[in-house]
Structure formats: structure tokens, C-alpha cells
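Asker:
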Amino acid sequence: MDYKGRLIEIGFLSLLGATGVLGSQTTWDVAEYGAKGDGKTLCTTSIQKAIDQCSRQGGGTVYFPPGRYLSGTIYLKSNVTLRLDSGCTLLGSKDLKDYPPTVQAFRSYTDNYTDKSLIYAEKAEQIAITGEGVIDGQGAAFKGPYKVRPYMIRIIQCRDVSVRDVTIVNSPMWVQHYLACEDVRISGITVRSRVNGNNDGIDIDCCSRVVISGCNISSGDDAIVLKSTAARPCRDVTVSNCILSSHCNALKMGTESNGGFTNIVLSGCVIYDTRLAGVALEIVDGGTMDGVVVSNMTMKKVGAPVFVRLGNRARPFKKDMLTPGIGVMRNITISGIEATGANSTGCAISGIPEAKIENVTLRDVRLSFPGGGRNKDAGRAIPEKAEAYPEYSMFGPLPAYGFYCRHVRGLKLAGVQLQLAGRDGRHALVCEDVQDLSIEGLVAACESGAESTIRLTDVSSALLRGCRAKAGTDVFLKVAGSTSSGILLAGNDFGAAGKVFECGPNVPAAAVSQAANRMK
């Protein structure tokens, strides 16, 4: 082809545009539809015109140039990308009248929350919000209950959703809610929202095939939370390489759990300045949690590094539904956790008597606690609180400064290290009503005068091996409960322990046996 022919070809292709349709347009500039970037003029109608025109012509990009664009609710449609240029801010209106109520077709417990949003999409496909601009909800302007505080972004029953690189700040309610969606990708976004109540950073609800990566979130409520507010499970989700801080929990599943959670991976995150739990896994409204892997995380200044709870709040997701049955929690692996600056409460892994958590592994976990627990706290009777709202602090000071594990079947601790910055009179680890227990390579602080390093109460079929008593340990293990049995201590280093184990008065005589331990 000669030079002249090539120019003709290029000119023809430019007429075709990216969609391949003669004369089609791929970018719609909101300014060309009357939107003014002065931060004062309400631009809702102009922005919506650009979105509607883009959608009618087969899709493309609705472009926001630098400026401040004030808007109420805008409705995102199939095949449309909102692109916010650097220097652009999409401002949520401070007037609630600019957010018309929108009731989604998919019914869930969130029907009880707000019906208003800044950006809304329902049953759309191939939609995106991208760019280096800012979405500012001006959330401090909204006071009152859920219904008067809009979401920033709400995406319902959509497929192929992408949110990339934008910064989202100052939400009146949840920052983002994705409900019953498929194929969602959220990457490289920044969230700064601590100006109102319920400022969750990202809510993934009854969704499948979700990838969240490289996000930087500081939120007033849970930073990234998976929910199941209807009978549909949240499944096939990965969260990785995020930096998280929260006034509540950093990474959480629940509290709404009606549909359950399956095939979830949380990995490679940095968590800091988080008031409640670094990782909270919760089933309290029925549903099944099965196949969860949490790995390779560092935490600094969290309430508790880990909280795992199977309870029975049993709240139905619709008022006319029957109370859900007790849920199921199983096959959970937590590994590669490094945490400092936790408070003195301790970590709980707790089912209820009629429903045990099954198959939990803690591996290569090193946690540092401040100390301050009293000897009398080690013997506290902890209430079940099966119907209570789940929170790491719900039981008060735990009998163990490290891990308190109750109503579990199939519990493995391998390479767990528990450190103290100050004296603590409690146990490092307490297991109650646990079957099939394996403790390998435990190293835990236990000063003279404190309770034993480990207490096992009504524990059956337990193997402790490769553990090492720290200097100053008076008693390494105390065993209690008439159903304790099959506890084997093998290949441990008890050279620094004043006494290896003590049994309570009602413990069967043959409950504990030893083999090949190093003794004092």
C-alpha cells in the first residue's frame, strides 16, 4: 500500500471509531452536555444525558474533565465507563432531594438500609468507574438514620464491573455496595471516609467472582467486608495486597451471613490503626462458611488480630421469612500473620455447644500482646452469648491472652508464637470443648506466678509436640474436665518448666500420657 493509500485507510478508520460503527463516538464529555465544573451548579441532568447518549450509541466513555461537578443520583448503564480525569472531583449534593429513592428488584436485608445513592446501577453489564479523579460524598452534611444517608456507589445484579484508580472520600453511608453481582474487579482505589456512621470502605454482598487488589482504605466502619444479606452466597472472592485501617474491623465476613461464604482468599494485606479485629470471620444468621484462606499479613495497633465466631443471632433477611437455622463454619486456614500492638483482650475462636467450628488451622502466626491480664481472669466462666452481635470484645477479658478456642472440632496450631510486652497472669492458650486438637511448635510467654501456658478443659484426642516451655514457666499444661481424654505430650522441650502438667480432680487418670520429652 502506498503512502496516499495508507492516509486514506487511517482517515476511514478514524471515522469508524473504536466500536467499528461508521461515525460512532467513543467518548462523551460531560462539559459538552452542559455540566459546569464550578462546584456550585447542579450537573445531575447534564451528566445523565451524557450517560444515556453513550449507552444508546453502544457504549463508551463518559469523560469528566478537570473541575468540580456537583451531582445528585446518576444511573450508570450497560457498556458505559465513567472516567474522572486527574483534577476532577464528582461532588455529591448536600441536598437529600437530589437522591430519589430507588428500590432494587433483588430483595435482601439491605432493604432496611438506605434507598439512595450517588452512583447507581442495576442489571447492567460491562460498566466501569475509572481515572485518577475524586468522588466526594460530602458525607458530614447528612445527619440521622440510614434512610437519610446515601451510599456513594451502589451496584446491584450487574455483571462485569470494574472500579479502578479513583479516590473516594467522605461518604454519608457505606462507601460502596456491590449486591448480587458477578465478575467484579476493584483495583488501585483509595478510600478516605471517616465523616459519618456506617462508613464501610467496600461491601461485597452475595457476589461471585470478585477480585479486590492494591487498594488503600481508611474507613470509619469495616474497611473491606463480605456480606450475605440474602439466600445467595458470597463466593469465589480474593482480596490481596491492600493497605487497611478502620475504626472497626479491617477484613470481615458478616455479620449478615444468610447465604454464607465459600472459596474466599484474603492475602498479602497491611493492617494498621484498627480499633476492633484485624480479621473477623463470623457466621451468626445461618449460612455456611467453607473454604477460607487468610495468609501473609502484618498488623499493627489492632484490637485483636483474629476473631472467629459461629453464633446464632438467627436474623432472617426478610421480615416474612422463617428464622434461619444455625449456620456452619469449616475449613479455615490462617497463616503467616505478624501482629504487634494488639490490646489485652486476646483472640477468640468460638462456636456454640450445639454447633462446633470445624477444621481450623493456625500456622506460622506470631502475635504480640501488651499484658495486663490478671490471674483471676484465667478462671473466668465465659458466657456463650449465642444470640449476641459478634465482636472480638463480646466475652470481655478472655482466660488466655493469646487464643481462647471453644467448641471446635479439628483444630491445628503449628508454629504459633505468642509474645508479651508486660506481665500477664492468664494462660497463653485455652481450649474448651475441643476435639481432635494438634499443637505443634508452640512458643509462648509465661512468667513465674502466671497460670499455666496451656489449659485444656474437656478436650479429647489431643497431640502436643515440638513445644517449648519458656523460662519462668511454673506449669506448662493444666487439664480440667471429666471428658478430657487422649492427650499425648511427645517430643517437647520442658526443660524450663517447673512442672509439666497438672490435672484437675475430675480428670480421668489416664487422660494424659507422655513420650520422649526433654525434662528438667
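Numbered according to the numbering used here, the sequence shown spans residues 5 to 524. For every residue, glycine included, the Cβ atom is placed at its ideal position computed from N, Cα and C.
1) Does the stretch 413-422 touch the stretch 395-403, meaning 3 or more C-beta pairs lie closer than 8 Å?
2) Starting from Ala-519, follow the beta strand (DSSP E) in both directions and report where the run begins and ends.
3) Answer yes or no: do Val-179 and Val-195 have a C-beta to C-beta separation smaller than 8 Å?
4) Measuring CA to CA, which of Ala-144, Leu-94 and Val-165 is closest to Glu-136?
5) Go ahead and label Glu-362 buried or exposed: buried means 16 or more other beta carbons lie within 10 angstroms of its beta carbon, across all protein chains shown.
6) Work out the CA separation of Val-447 and Leu-371 for me, nearest whole Å.
7) Report the three-state DSSP secondary structure of Arg-60 (helix, strand or coil).
8) Does DSSP put Val-511 in a helix, a strand or coil?
9) Answer yes or no: do Ser-121 and Arg-158 have a C-beta to C-beta separation smaller than 8 Å?
10) My parser needs the alpha helix (DSSP H) runs of 4 or more residues fully inside the stretch 440-472; what are they?
11) Taking the continuous beta strand (DSSP E) assigned at Lys-287, which residues delimit it?
12) Helix, strand or coil: how does DSSP classify Val-25 here?
13) Please classify Val-199: does DSSP put it in a helix, a strand, or coil?
14) For Ala-359, does the three-state DSSP call read helix, strand or coil?
15) Just to confirm my understanding: we take Pro-509, look at its own chain, exclude 5 residues before and 5 after, and list those with CB closer than 6 Å. What are they?
16) Over what stretch of residues does the beta strand (DSSP E) that includes Ile-190 continue unbroken?
17) Can you name the start and end residues of the beta strand (DSSP E) that Arg-72 belongs to?
18) Helix or strand or just coil, what does DSSP make of Ile-55?
19) In whole angstroms, what is the alpha-carbon distance linking Arg-384 and Asn-245?
20) Considering only C-alpha positions, which residue in the set Pro-357, Arg-367 and Thr-487 is nearest to Lys-389?
21) Exposed or buried, what is Met-325 when buried is set at 16 or more other beta-carbons lying within 10 Å of its beta-carbon?
22) Is Val-152 helix, strand or coil by DSSP?
23) Just how far apart, CA to CA, sit Phe-311 and Ser-488?
24) Around the C-beta of Arg-522, are 16 or more other C-beta atoms found within 10 angstroms, so that it is buried, or is it exposed?
25) Taking DSSP's pairing of strands, which residues face Tyr-182 in a bridge?
26) May I ask which residues mark the beginning and end of the beta strand (DSSP E) holding Asp-42?
27) Would you mind stating whether Arg-430 and Glu-455 have Cβ atoms separated by less than 8 Å?
28) Mark Tyr-393 as exposed unless 16 or more other C-beta atoms lie within 10 angstroms of its C-beta, in which case mark it buried.
29) In the stretch 80-163, which residue ranges form an unbroken beta strand (DSSP E) of at least 3 residues, counting only runs that do not cross its ends?
30) Do you know offhand how far Leu-255's Cα is from Asp-119's?
31) Measuring alpha carbon to alpha carbon, tell me which residue in Asp-225, Tyr-113 and Ile-190 is nearest Val-199.
32) Which stretch, first to last residue, makes up the beta strand (DSSP E) that contains Cys-3?
33) Among all the DSSP beta bridges, which residues are the ones paired with Met-303?
34) Measure the alpha-carbon distance for Ala-494 versus Arg-472 and round it to whole angstroms.
35) Would the stretch 260-267 and the stretch 282-297 be scored as touching if the rule is three or more Cβ pairs under 8 Å?
36) Roughly how many whole angstroms lie between the Cα atoms of Val-438 and Val-296?
Answerer: With the structure as the only source:
1) Contact fails: fewer than three Cβ-Cβ distances are below 8 Å.
2) Where Ala-519 is concerned, the enclosing beta strand (DSSP E) stretches over 516-519.
3) If you check the CB distance, Val-179 and Val-195 come in under 8 Å.
4) Closest in C-alpha terms to Glu-136, from the list Ala-144, Leu-94 and Val-165, comes Leu-94.
5) Result: buried.
6) As the crow flies, the alpha-carbon of Leu-371 is around 11 Å from that of Val-447.
7) Arg-60 falls in the helix class under three-state DSSP.
8) Residue state, collapsed to three classes: coil.
9) Yes, the pair counts as a contact, with Cβ atoms nearer than the cut-off.
10) Within the stretch 440-472, no complete alpha helix (DSSP H) segment of 4 residues or longer occurs.
11) Rather than Lys, the amino acid found at residue 287 in this sequence is Ile. Taken as a continuous stretch (DSSP letters only), the beta strand (DSSP E) holding Ile-287 covers 274-287.
12) The pLDDT assigned to Val-25 is 33, lower than 50, so where the model puts this residue is not dependable; a value taken from the coordinates is nonetheless given after this. Residue state, collapsed to three classes: coil.
13) DSSP places Val-199 in the coil class of the three-state scheme, outside both helix and strand.
14) Under the three-state reduction of DSSP output, Ala-359 falls in the strand class.
15) Excluding residues within five positions, none has a Cβ falling inside 6 Å.
16) 186-191 is the span of the beta strand (DSSP E), which, as asked, contains Ile-190.
17) In the DSSP assignment, Arg-72 falls within the unbroken beta strand (DSSP E) covering 71-75.
18) In the structure shown, Ile-55 adopts helical secondary structure according to DSSP, grouped into three states.
19) Inter-residue distance for Arg-384 and Asn-245 is about 39 Å (C-alpha atoms, whole angstroms).
20) Between Lys-389 and the set Pro-357, Arg-367 and Thr-487, the nearest pair of CA atoms involves Pro-357.
21) Met-325 sits exposed, since fewer than 16 C-beta atoms from the chains shown fall within 10 Å of its C-beta.
22) If DSSP states are grouped into helix, strand and coil, Val-152 belongs with the helices.
23) Their backbone Cα atoms lie some 25 Å apart in a straight line.
24) Exposed is the call here.
25) DSSP lists Ile-159 and Ile-208 as partners of Tyr-182.
26) Where Asp-42 is concerned, the enclosing beta strand (DSSP E) starts and stops at 42-46.
27) Yes, they are a contact pair.
28) Tyr-393 comes out exposed.
29) Secondary structure remark: continuous beta strand (DSSP E) runs of at least 3 residues inside the stretch 80-163, in chain order: 84-88, 92-96, 121-126, 129-135, 138-140 and 155-160.
30) Taking the straight line joining both Cα atoms gives about 25 Å.
31) Answer by Cα proximity: Asp-225.
32) Nothing can be reported for residue 3, as the shown portion of the chain is limited to 5 through 524.
33) For Met-303, which the question treats as bridged, DSSP gives the partners Ile-275 and Ala-343.
34) Computed Cα separation, rounded: 11 Å.
35) Remark: three or more beta-carbon pairs, one from each stretch, lie closer than 8 Å, so the stretch 260-267 and the stretch 282-297 are flagged as touching.
36) Cα to Cα, Val-438 sits roughly 20 Å from Val-296.
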